[in-house]
Amino acid sequence: MKGKRRWLFFFAGVFTGMLVLAVVAAGLVYLGSSRTWLLRINTNGIAAKIEGAAQLKISQMLPGYIESVKGSVPELVANRAANQFGDLKFTLGGEEFALPQEFVSRLEANYRASLIRAINDLLDTMPVEKMSAELGKEIADIVENSLYAEFNSREVDVGVFRDKISIPVMIELVNQPGHRDFQLILMSNEVLEQ
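Residue 11 is where the sequence shown starts when you use the numbering used here, and the numbers rise one by one after that.
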């Protein structure tokens, strides 16, 4: 008899514990669905991470891009600077003299070589680190502005229990240096409507 009674108390305790958990869960779901959750996202930390990642990627990619441009400089200069000198003539004492074609060809070749050297020197001295820092900052600003335009003050319904219960979540984007990246706050609907 004592063994049956022990099992009876055990199952009564298990049943009571499950009932308490179910009531607490139902209360939390009701509280969560009758009020709005506010998800506050601090874009300051996100923007800094995006900026750092963009700077790193740009500083890795830019030298290779510059080298590929340098490889195509001779062809571009040859196409653009072809026949720039044409028939060179000079006038002396009222008489016009044509320069020999060999001289014109050498002049064009020297001009092209000097132009290619100057462009390659310019590409070699480009401030890659400064450019990557500036581009990284611009990319971070663009992404942050896009996030604000798309998600700030947007309400999203999150489905719970296979979408049987809907919990409203308001997304608020802020830029507060030194604060946490994410905060989840339970707000009353009256506060959010103001």
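Think of the CB as a built atom: it goes at the ideal place given N, C-alpha and C, for glycine as much as any other residue.
**Request:** Please classify Thr53: does DSSP put it in a helix, a strand, or coil?
**Result:** Residue state, collapsed to three classes: helix.
**Prompt:** Tell me the DSSP bridge mates of Arg164?
**Reply:** Answer by DSSP bridge pairing, in chain order: Ile181.
**Residue span of the alpha helix (DSSP H) that contains Gln186, given as start and end** = Run containing Gln186: none; DSSP gives neither H nor E here.
**Item:** Counterpart residues of Phe107 in DSSP-defined beta bridges
**Value:** In the DSSP output, where bridge partners are listed per residue, Phe107 has Phe100.
**Asked** Leu72 and Met180 look like a contact to me (Cβ under 8 Å); what is the Cβ gap, rounded to whole Å?
**Response** Rounded, the Cβ-Cβ distance is 41 Å, inconsistent with contact.
**Asked** Where does Gln70 sit, in a helix, a strand or coil, going by DSSP?
**Response** Three-state result, Gln70: helix.
**Asked** If we call anything under 8 Å between Cβ atoms a contact, is Asp97 one with Ala88?
**Response** It is not a contact, given that the beta carbons lie outside the stated cut-off.
**Asked** Among Arg45, Glu106, Ala119 and Phe171, which has the Cα closest to the Cα of Arg90?
**Response** Ranking the options by Cα distance to Arg90, first place goes to Ala119.
**Asked** Among residues of its own chain, excluding the 5 on either side of Met28, which ones have a beta-carbon nearer than 7 Å to its beta-carbon?
**Response** Closer than 7 Å at the Cβ level, and outside the excluded window around Met28, lies no residue.
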